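Chemist:
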Amino acid sequence: MGDWLLIDDATLAVRRVLQRENLFKRRAPGNEQKTQLIAANVDTLFIVASCNKDFSAARLERYLVLAQEVGVQPVVILTKTDLTNRPDIFAAEARDLRPGLLVEAVNGRDSGSVAPLAIWCGRGQTVALVGSSGVGKSTLVNSLRGSDSIMTQAIRKGDDTGRHTTTVREMHRLAGGGWLLDTPGMRELQLRDAGSGIAEIFDDFVEVAEHCRFSNCTHELEPGCAVRTAIADGRLSSARLDRWCRLASEEIYNRSSLTERRALDRIAKRNPAKKK
Numbered sequence: 001m002g003d004w005l006l007i008d009d010a011t012l013a014v015r016r017v018l019q020r021e022n023l024f025k026r027r028a029p030g031n032e033q034k035t036q037l038i039a040a041n042v043d044t045l046f047i048v049a050s051c052n053k054d055f056s057a058a059r060l061e062r063y064l065v066l067a068q069e070v071g072v073q074p075v076v077i078l079t080k081t082d083l084t085n086r087p088d089i090f091a092a093e094a095r096d097l098r099p100g101l102l103v104e105a106v107n108g109r110d111s112g113s114v115a116p117l118a119i120w121c122g123r124g125q126t127v128a129l130v131g132s133s134g135v136g137k138s139t140l141v142n143s144l145r146g147s148d149s150i151m152t153q154a155i156r157k158g159d160d161t162g163r164h165t166t167t168v169r170e171m172h173r174l175a176g177g178g179w180l181l182d183t184p185g186m187r188e189l190q191l192r193d194a195g196s197g198i199a200e201i202f203d204d205f206v207e208v209a210e211h212c213r214f215s216n217c218t219h220e221l222e223p224g225c226a227v228r229t230a231i232a233d234g235r236l237s238s239a240r241l242d243r244w245c246r247l248a249s250e251e252i253y254n255r256s257s258l259t260e261r262r263a264l265d266r267i268a269k270r271n272p273a274k275k276k
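In this text, residue positions in the sequence shown follow full-length UniProt numbering: the first is 1, and each later residue adds one.
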């Protein structure tokens, strides 16, 4: 979804698919090592999360890695601000993930609240919406389009998660001349071929790790670990270290051959305590 086509004016036949400016992809869900294409030719990525118990910094980081790898501007959109007294807490946690990260907190049902998002939806611009089920993407699309034609569903009580409203990728033309690409909710975002994106989002860890005594330091029990020292004195977060190591291990696994994956699985079984 998002490819531009060269069309014959007379016959409307497709002459050519134009070269993609960028392409979002992930490892397809399931056990098979297949790649699933998400969106192409995107100018801005709206990463949608809700101000409730389903908010996950780790999930946001995965989307940020994806945007960084592709080279697209990410904007975190925090929805359901009408259901919390402290949306600023969620916004602060999101901003802590990346210096200069753009974060907008909105009530998706209020057109006035959503209005500031129009600066990314102008003529010739393509915005893609990504996020989990139940975070309010369909409601947000309705407000951005000035229409309530897209069905929405309530979240489940107890865990604040939702069911799929959008089940296929759809593109919507906006009044300002832009395009809005809506994607189905993703509960799983397995990264693949995203090593540079991980290094950029966790550049603070990468920089400190260069000062570890051992070049292959795992940042667990090795002496002279600069990362552990930085965590001990409060410069780095132990929670982010866990997420960095997990994403790095996952990325290596997902781009490995079948033989390499089997070897990694055997190592993980022999060392369960070190599995990320």
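Ideal Cβ placement from N, Cα and C applies to all residues, glycine included.
In this text the structure is predicted, and so the values were computed from the model without any measurement.
Whole angstroms are fine: how far does the CA of A248 sit from the CA of A232?
Modeler: Within the sequence shown, residue 232 is the residue found at index 232, counting from 1. Within the sequence shown, residue 248 is the residue found at index 248, counting from 1. Approximately 22 Å between the Cα atoms of the pair.
Chemist: If contact is defined by three or more beta carbon pairs under 8 Å, each pair taking one atom from either stretch, is the region 81 to 94 in contact with the region 48 to 63?
Modeler: These segments touch.
Chemist: Let's see if you can read the secondary structure: which residues bound the beta strand (DSSP E) around Q36?
Modeler: Sequence index remark: in the sequence shown, residue 36 carries index 36 (1-based). First-last of the beta strand (DSSP E) with Q36: T35 to A40.
Chemist: So F46 and V75 are supposed to be a Cβ contact under 8 Å. How far apart are they, rounded?
Modeler: Reading the sequence shown from its first residue, position 46 is the one you call residue 46. Reading the sequence shown from its first residue, position 75 is the one you call residue 75. Yes, F46 and V75 are in contact; Cβ-Cβ is about 6 Å, under 8 Å.
Chemist: Mind checking G131: buried by the 16 CB within 10 Å criterion, or exposed?
Modeler: Start at 1 with the first residue of the sequence shown, and residue 131 comes out as number 131. Buried is the call here.
Chemist: Leaving out five residues on either side along the sequence, give the residues of the same chain with a beta carbon under 6 Å from the beta carbon of A40.
Modeler: Taking the sequence shown and counting its residues from 1, one reaches residue 40 at position 40. Cβ within range, chain order: G2, D3, R20 and L23.
Chemist: If you reduce the DSSP assignment to three classes, tell me which class T166 lands in.
Modeler: Mapped onto the sequence shown, residue 166 falls at position 166. Its pLDDT being 49, under 50, T166 is placed unreliably in this model, and the coordinates cannot settle the point.
Chemist: Sort L191, C121, E188 and K137 by Cα distance to L174 and report the nearest one.
Modeler: Counting from 1 along the sequence shown, the entry for residue 174 is found at position 174. Checked all of L191, C121, E188 and K137; the closest Cα to L174 is C121.
Chemist: What is the DSSP secondary structure of W179, counted as helix, strand or coil?
Modeler: As a working note, residue 179 is residue 179 in the sequence shown. Correct three-state label for W179: strand.
Chemist: Is the region 213 to 229 in contact with the region 187 to 194, if contact means three or more CB pairs nearer than 8 Å?
Modeler: As far as the Cβ criterion goes, the region 213 to 229 does not touch the region 187 to 194, which means the pair count is below three.
Chemist: Over what stretch of residues does the beta strand (DSSP E) that includes G112 continue unbroken?
Modeler: For the purposes of this step, residue 112 is taken as residue 112 along the sequence shown, with counting starting at 1. Per DSSP, G112 belongs to no beta strand (DSSP E); it is in the alpha helix (DSSP H), S111 to V114.
Chemist: Look at L140 and G108 and say whether their C-beta atoms are less than 8 Å apart.
Modeler: Numbered from its first residue, the sequence shown carries residue 140 at position 140. Numbered from its first residue, the sequence shown carries residue 108 at position 108. Closer than 8 Å, so yes.
Chemist: Considering only residues of the same chain and omitting the five flanking positions on each side of G202, which have a CB-CB separation below 6 Å?
Modeler: Position 202 of the sequence shown, counted from the first residue, corresponds to residue 202. In the sequence on display, residue 202 carries Phe and not Gly. Excluding sequence neighbours, F202 sits near W244.
Chemist: Leaving out the 5 sequence neighbours to the left and right, which residues in its chain are closer than 8 Å to I7 when beta-carbon positions are compared?
Modeler: Within the sequence shown, residue 7 is the residue found at index 7, counting from 1. Cβ within range, chain order: A13, V14 and R15.
Chemist: Among I252, A67, V114 and A58, whose alpha-carbon lies nearest the alpha-carbon of L78?
Modeler: Counting from 1 along the sequence shown, the entry for residue 78 is found at position 78. Of the listed residues, the one whose Cα sits closest to L78 is V114.
Chemist: In whole angstroms, what is the alpha-carbon distance linking M186 and L18?
Modeler: Taking the sequence shown and counting its residues from 1, one reaches residue 186 at position 186. Taking the sequence shown and counting its residues from 1, one reaches residue 18 at position 18. Near 28 Å, if we compare the C-alpha coordinates of L18 and M186.
Chemist: Looking at V72 and D43, is the spacing between their C-beta atoms short of 8 Å?
Modeler: The sequence position of residue 43 within the sequence shown is 43, counting from 1. The sequence position of residue 72 within the sequence shown is 72, counting from 1. Contact flag set, yes.
Chemist: To which residues does DSSP link I198 through a beta bridge?
Modeler: Along the sequence shown, read from residue 1 onward, the residue named residue 198 stands at position 198. In the DSSP output, where bridge partners are listed per residue, I198 has none listed.
Chemist: Between H164 and the rest of its own chain, which residues show a CB-CB distance below 7 Å, the 5 nearest in sequence each way excluded?
Modeler: Here the question's residue 164 lines up with position 164 in the sequence shown. In this prediction, H164 scores a pLDDT of 45, lower than 50, which makes its location untrustworthy; no coordinate-derived value is stated.
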